[in-house]
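Those protein sequences? They're chains F and W, same order as listed.
Okay, so the first sequence: first residue is 3 according to my numbering, each after it adds one.
Okay, so the second sequence: first residue is 114 according to my numbering, each after it adds one.
Note that CB positions come from ideal geometry on N, CA and C, so glycine has one too.
Shown next, in structure tokens, is the structure this report addresses.
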Amino acid sequence: MRIEYNFGFFDEGSKREIRRATLKAIAIPGYQVPFASREMPIARGWGTGGLQLTLSLVGMDDIIKVIDQGSDESVNAVNIKKLVRKTTEVQETDLTSEATIIQSRHRIPEISLNEGQILVLQVPIPEPLRYVEPSEYVTKRLHADREYSGAWLMLFEQIMKYGNMSTGADHPVSVNKRYVMAPSPIPRFDNPKMNNSEALILLGAGREKKIYAVPPYTEVTSLAFDDYPFQTESFDQKQCRLCGSTGVFMDELVDEKTGETYYQCNDSSYCLSKLNNQLK
Amino acid sequence: MGYVAVKGGTNAIAQSIKRLKYNRIKKGEILSINEIESGMRGLIDQVMSESSIYCEELAAISIKQAEGNPEEAVFLLRAYRSTLPRKHYSKVVRSEDMTVERRISASFKDIPGGQILGASYDYTHRLIDFDLADETKEELIQWLENFNKEVDIIEDSTDINKLPKVLDYLRSQGLISDCGEKNNEPKDITKKSIEFPTERSERLQILTRGQTGAVTSLGYAALRGYGDTHPTIGELRVGSLPIYVDNPLNNDHDDEDSFYIGEIKVTEVETLFPASEEKEDGKVQMELEIGYGICYGQNETKAIAMSILDHCLEIGDPRYPTHDEEFVLLHIDSIESSGFISHLKLPHYVTFKSKLDSIVKTRKGE
């Protein structure tokens, strides 16, 4: 029993179904389009939503980059890349500027993306109201009514409790002044990069069976109050130990020998390019 | 110099996979697919049922690759299923047409056609048979010969291909309402994601694909206290169902023109739930309601639990989680639950750093 896999793993019908949902998502920015998420050869919850988007979109000429936690070399990124390669044989790259499709878990690259590039984000929990409303039936109606007081209340309660908005990654955003959207688990630091992005941003949640999108040049604002503005993670006065960069998302590391804390660019491709003087 | 744990993934993965293969073969024995197919019927049936793909050979290969771990075997098969084009829906299958190999009713002693015990663990003592450790092929062949001789002698006029359904009798007595047939094309949950409230066809699909343990646990919960039910099994049958598809070139759904594409073994259960119904004059009358369970292979506990959950979801009592369709349907899938639980093993450095930043800020009261 020998079986050859199709280009891009899926049969053509499945790819078409996913592309249709994607087109709908692009047409209605921030709206979660339900789709028939397929079971994948990687675990549900390890990026199958992003992978389904990537495999349905990828063509022979694409150059693919996969990041996980800022690194091209993290185990999950390597694994996903391996699967895309195995089923399509397209070219891969670590260089952000070279890639046509960038699939990512948890980070938007530090250098700004350009027209023609597609950023695919892997989403674990696409519903921004899930913390305040467990029922899918109800949240769907709340979105229809543009009833987002739950999300505002969540932020308000955090301020009351902690004196600050205590969201981690996944701080809710408003897209095109209509839908409130979960920006996948990207850190608050990356939220502003979605605003007016030149690249198309697609978000895929495999287990929750949703695709949504931020089309290029779309307004994306992080929810915040006038007197409690949105704040990103701060890395003031922190410098990358390897390349000397400032103003980027940093990993906090401890030197095993001296016990000293030091910082390093989280975006490993950015750091490497910096070291190689490819970036100014 | 410290290191960044996520680096060096490529080589680490290659070595890990090598190690996995080593674990599978280190004792120097190789399981043949044929051995798995013939000796692990229970696992094959369970894996096919949860994978919702019916192929014993593929299930056997997956079980071999997964070293007998059902979670992994189902994972492999489901992923493979994603690569197959979905070409046809079968014609409506009638379970009356089942070639029955086991059929019991807990409701009536004397069912038309009789109780057929078939093969079941129910009546065995669960004592380990230590002789199995030294079972020889010669003994087996001898045993099989004797068995076949015995079977030839027994004569029985029961037509196991046309056994009447127990529920039909109750229906004819007016004790259960006739629900009518609904033979339109089902909403296919593998082609479109579900929306709540769901249709029954969607619920049944998710329940039958559900992870055996999860379906059983939730069915048990509904029975034990987190539910308000105590069903009686009207009929449980295990047997093979013939599957036909319409002639793809001719769309007139003519039975004569349809194609036989094979048979599948299933377990089918119809359970009965006593319920009270208020009549127009205010009087309360007792009647029976039905729960339905069906799944690939011989999977009796799962099929019974499915029938309990089917009834729970049909009733939808808000007091109980087992009656809440979102709670039940969104959590019993093997691939979905194991996938998300296992993602916790992935690094979460960025998320954690971001959360840490918030925690530190709230402590400072910034």
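Between the Cα of Cys242 of chain F and those of F:His145, F:Gln266, F:Leu55, spot the shortest distance and give me the residue it belongs to. Walking along the first sequence from the start, residue 242 of chain F turns up at place 240. Nearest C-alpha to Cys242 of chain F: F:Gln266.
Can you tell me the Cα-Cα spacing of Arg432 of chain W and Thr325 of chain W, whole angstroms? Counted from its first residue, the second sequence places residue 432 of chain W at position 319. Counted from its first residue, the second sequence places residue 325 of chain W at position 212. Going by the C-alpha atoms only, they are around 25 Å apart.
So which residues on chain F does Val463 of chain W lean against when the C-beta distance must stay under 7 Å? Your numbering for residue 463 of chain W matches position 350 in the second sequence. Here the neighbours are Gln71, Gly72, His108, Arg109, Ala171, Pro189, Asn268.
Using a cut-off of 7 Å between C-beta atoms, extract the partners of Lys211 of chain F located in chain W. Here residue 211 of chain F is taken as the residue at index 209 of the first sequence, counted from 1. Near Lys211 of chain F (Cβ distances below 7 Å), the residues of chain W are Ser306.
Residues near Ala416 of chain W in its chain [Cβ-Cβ closer than 6 Å; skip 5 each side]: Position 303 of the second sequence, counted from the first residue, corresponds to residue 416 of chain W. Closer than 6 Å at the Cβ level, and outside the excluded window around Ala416 of chain W, lie Thr380, Val382, Gly406, Cys408.
Would DSSP call Phe372 of chain W helix, strand or coil? In the second sequence, the residue the question calls residue 372 of chain W occupies position 259. The answer is strand: DSSP assigns Phe372 of chain W an E or B state.
Would you give the residue range spanned by the beta strand (DSSP E) that Lys67 of chain F belongs to? Residue mapping note: residue 67 of chain F aligns to position 65 of the first sequence, counting from 1. Its beta strand (DSSP E) spans residues 65-70.
Any beta-carbon of chain F closer than 8 Å to the one on Asp470 of chain W? For the purposes of this step, residue 470 of chain W is taken as residue 357 along the second sequence, with counting starting at 1. Yes, Asp470 of chain W counts as interfacial toward chain F.
Under 8 Å between C-beta atoms of Lys378 of chain W and Gly352 of chain W: Taking the second sequence and counting its residues from 1, the one referred to as residue 378 of chain W is at position 265. Taking the second sequence and counting its residues from 1, the one referred to as residue 352 of chain W is at position 239. Yes, the Cβ-Cβ distance between Lys378 of chain W and Gly352 of chain W is below 8 Å.
Confirm, please, whether the CB-CB distance from Pro36 of chain F to Glu438 of chain W is below 8 Å. Sequence index remark: in the second sequence, residue 438 of chain W carries index 325 (1-based). Sequence index remark: in the first sequence, residue 36 of chain F carries index 34 (1-based). 8 Å or more divides the Cβ of Glu438 of chain W from the Cβ of Pro36 of chain F.
Beta-carbon proximity check, Thr464 of chain W vs Ala171 of chain F, cutoff 8 Å: Reading the second sequence from its first residue, position 351 is the one you call residue 464 of chain W. Reading the first sequence from its first residue, position 169 is the one you call residue 171 of chain F. Less than 8 Å divides the Cβ of Thr464 of chain W from the Cβ of Ala171 of chain F.
For Leu336 of chain W, which residues from the same chain have a beta carbon less than 7 Å from its beta carbon, with the 5 sequence-adjacent residues on both sides left out? Working through the second sequence from its first residue, we reach residue 336 of chain W at position 223. These residues qualify, in order along the chain: Thr342, His343, Ile421.
The alpha helix (DSSP H) enclosing Cys273 of chain F, as first and last residue numbers: Start at 1 with the first residue of the first sequence, and residue 273 of chain F comes out as number 271. From DSSP, the alpha helix (DSSP H) with Cys273 of chain F extends over 270-277.
Counterpart residues of Lys378 of chain W in DSSP-defined beta bridges: Translated into positions along the second sequence, residue 378 of chain W becomes position 265. The partner list for Lys378 of chain W (beta bridge, DSSP) reads W:Ser353.
Asp253 of chain F (DSSP reduced to helix, strand or coil): To locate residue 253 of chain F, count along the first sequence from 1; it is residue 251. Under the three-state reduction of DSSP output, Asp253 of chain F falls in the strand class.
Which residue's Cα is closest to the Cα of Ile126 of chain W: F:Glu14, F:Asn81, F:Gly32, F:Lys142? As a first step, residue 126 of chain W is located in the second sequence; it is residue number 13 there, counting from the start. Closest option to Ile126 of chain W, Cα to Cα, is F:Asn81.
Using CA coordinates, which residue listed in W:Thr384, W:Glu390, W:Lys392, W:Cys425 is at the minimum distance from Thr414 of chain W? By one-based count along the second sequence, residue 414 of chain W stands at place 301. It is W:Thr384.
How about Tyr214 of chain F and Asn198 of chain F: are their beta carbons less than 8 Å apart? Start at 1 with the first residue of the first sequence, and residue 214 of chain F comes out as number 212. Start at 1 with the first residue of the first sequence, and residue 198 of chain F comes out as number 196. No, the pair does not count as a contact, with Cβ atoms beyond the cut-off.
Close-in-space but distant-in-sequence residues of the same chain around Ile346 of chain W (CB under 6 Å, 5 per side omitted): Position 233 of the second sequence, counted from the first residue, corresponds to residue 346 of chain W. The residues are Ala219, Thr384.
Which of the residues in the stretch 32-62 of chain F, read from start to end, lie with their CB under 7 Å from any CB of chain W? Listed by position, the residues of the stretch 32-62 of chain F near chain W (Cβ gap below 7 Å) are Pro36, Phe37, Ala38, Ser39, Arg40, Glu41, Met42, Pro43, Ala45, Arg46, Gly47, Trp48.
Environment of Ile157 of chain W [buried if 16+ CB atoms lie within 10 Å]: Taking the first residue of the second sequence as 1, we reach residue 157 of chain W at position 44. Counting Cβ neighbours within 10 Å, Ile157 of chain W comes out buried, since at least 16 surround it.
Indicate whether at least one CB of chain F lies closer than 8 Å to the CB of Gly115 of chain W. In the second sequence, the residue the question calls residue 115 of chain W occupies position 2. Low local confidence applies: a pLDDT of 41 at Gly115 of chain W is under 50, so the model's placement there is unreliable, with the coordinate-based value given in what follows. Interface residue, yes.
Identify, in the order they occur along the chain, each residue of the same chain with its Cβ nearer than 8 Å to the Cβ of Glu371 of chain W, setting aside the five sequence neighbours on each side. On the second sequence, residue 371 of chain W is found 258 positions in, with the first residue counted as 1. Going by the sequence as given, residue 371 of chain W is Ser instead of Glu. So the list reads Lys204, Tyr357, Val358, Asp359, Asn360, once near-sequence residues are dropped.
Give the residues of chain W in contact with Asn81 of chain F, contact being defined as C-beta atoms less than 9 Å apart. If you number the first sequence from 1, residue 81 of chain F lands on position 79. Here the neighbours are Gly122, Ile126.
C-beta contact flag for Gly323 of chain W and Cys425 of chain W at 8 Å: Along the second sequence, read from residue 1 onward, the residue named residue 323 of chain W stands at position 210. Along the second sequence, read from residue 1 onward, the residue named residue 425 of chain W stands at position 312. In this structure, the beta-carbon distance from Gly323 of chain W to Cys425 of chain W does not fall below 8 Å.
Whose Cβ in chain W lies nearer than 7 Å to the Cβ of Asn286 of chain F? The structure shown does not extend to residue 286 of chain F, since chain F is modelled only from 3 to 282, so the question has no answer here.
If you draw a straight line from the C-alpha of Ser224 of chain F to the C-alpha of Val175 of chain F, how long is it? The residue given as residue 224 of chain F occupies position 222 in the first sequence. The residue given as residue 175 of chain F occupies position 173 in the first sequence. Taking the CA atoms as reference points, Ser224 of chain F sits about 4 Å from Val175 of chain F.
Are there 16 or more other CB atoms within 10 angstroms of the CB of Arg143 of chain F, so buried, or fewer, so exposed? By one-based count along the first sequence, residue 143 of chain F stands at place 141. Exposed, since its Cβ has fewer than 16 Cβ neighbours within 10 Å.
According to DSSP, Asp103 of chain F sits in a beta bridge with which residue or residues? Locating residue 103 of chain F in the first sequence gives position 101, counting from the first residue. In the sequence as displayed, the identity of residue 103 of chain F is Ile instead of Asp. Looking at the DSSP assignment, Ile103 of chain F forms a beta bridge with F:Ile66, F:Ile120.
Leu189 of chain W and Ala173 of chain W closer than 8 Å at C-beta: Within the second sequence, the letter at position 76 stands for residue 189 of chain W. Within the second sequence, the letter at position 60 stands for residue 173 of chain W. For Leu189 of chain W and Ala173 of chain W, no; Cβs fall outside 8 Å.
Strictly under 8 Å for the Cβ-Cβ distance: is Glu427 of chain W near chain F by that measure? Indexing the second sequence from 1 puts residue 427 of chain W at position 314. For Glu427 of chain W, the closest Cβ of chain F is not nearer than 8 Å.
Whose Cβ in chain W lies nearer than 8 Å to the Cβ of His15 of chain F? Residue mapping note: residue 15 of chain F aligns to position 13 of the first sequence, counting from 1. Correcting the residue identity first, residue 15 of chain F is Gly in this sequence and not His. Going along chain W in sequence order, the residues near Gly15 of chain F (Cβ under 8 Å) are Pro198, Arg199.
Suppose contacts are defined by Cβ-Cβ distances below 8 Å. Is Leu401 of chain W in contact with Ile289 of chain W by that definition? Here residue 401 of chain W is taken as the residue at index 288 of the second sequence, counted from 1. Here residue 289 of chain W is taken as the residue at index 176 of the second sequence, counted from 1. Taking the C-beta atoms as reference points, Ile289 of chain W is found nearer than 8 Å to Leu401 of chain W.
Could you spell out where the beta strand (DSSP E) holding Met183 of chain F opens and where it closes? In the first sequence, residue 183 of chain F corresponds to position 181, counting from 1. Note, Met183 of chain F: beta strand (DSSP E), 181-183.
Terminal residues of the continuous beta strand (DSSP E) containing Ile407 of chain W? Here residue 407 of chain W refers to the residue found at position 294 when the second sequence is read from its first residue. Here the beta strand (DSSP E) through Ile407 of chain W covers 397-409.
Reduced DSSP secondary structure (H/G/I, E/B, other) of Gln233 of chain F: For the purposes of this step, residue 233 of chain F is identified with residue 231 of the first sequence, where counting begins at 1. Coil.
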